[in-house]
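In UniProt numbering, the protein residues as written are 1 to 159.
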């Protein structure tokens with residue numbers, strides 16, 4: 001699938017839900033995935049998480065799962081930062097006011113929006129700015145809705 005961060009894996013047992021942790025699933029229930037629409041999610045509140053560096057000065061990954069609360073921004077606004085590298089198969093987060101973004105080591109990590117109280121996977125961390133994760137540049141993710149047909153073709157998930 002293109003040159004983006006798309007991978008399907010299967011667990012050999014059910015993941016356990018623990019206090020303070022939510023399970024983001026792609027199951028046989030289509031409600032766990034975003035709907036097949038042209039929804040852009042622009043201005044929706046979102047949460048990005050990962051195990052990557054926590055600052056530009058960090059020497060390596062963290063041993064704690066970290067997250068940021070942010071908002072989805074339009075691809076056209078995001079594209080101005082990356083000179084044409086942002087495609088329709090991407091989704092971006094705003095970071096200019098907080099200067100917090102995904103960082104090295106977060107690739108593949110989830111970007112979720114809440115549908116009520118249920119986390120819905122809308123992206124997977126793909127890339128960011130070469131000047132660092134604290135520079136206020138948007139974080140760029142692979143857009144899950146662009147791959148719903150592929151997910152359905154390569155799994156037992158029907159969308």
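In this text, a Cβ means the ideal position worked out from N, Cα and C, and glycines have one as well.
Under the three-state reduction of DSSP, which class applies to residue 9: helix, strand or coil? coil
Tell me, to the nearest whole angstrom, how far the beta carbon of residue 48 is from that of residue 109; I am working on the premise that it is less than 8 Å. 7 Å
Can you find the residues in the same chain that come closer than 7 Å, C-beta to C-beta, to residue 153, ignoring five residues on each side of it along the sequence? none
Which residue comes first and which comes last in the alpha helix (DSSP H) that contains residue 78? 75-82
Own chain, CB closer than 8 Å to residue 81, minus 5 neighbours either side, in chain order: 129, 137, 138
Who are the near neighbours of residue 65 in its chain, counting only those whose CB is closer than 7 Å to its CB and skipping five residues on each side? 49, 51
Given a cut-off of 8 Å on the beta-carbon distance, is the pair residue 15 and residue 113 in contact? no
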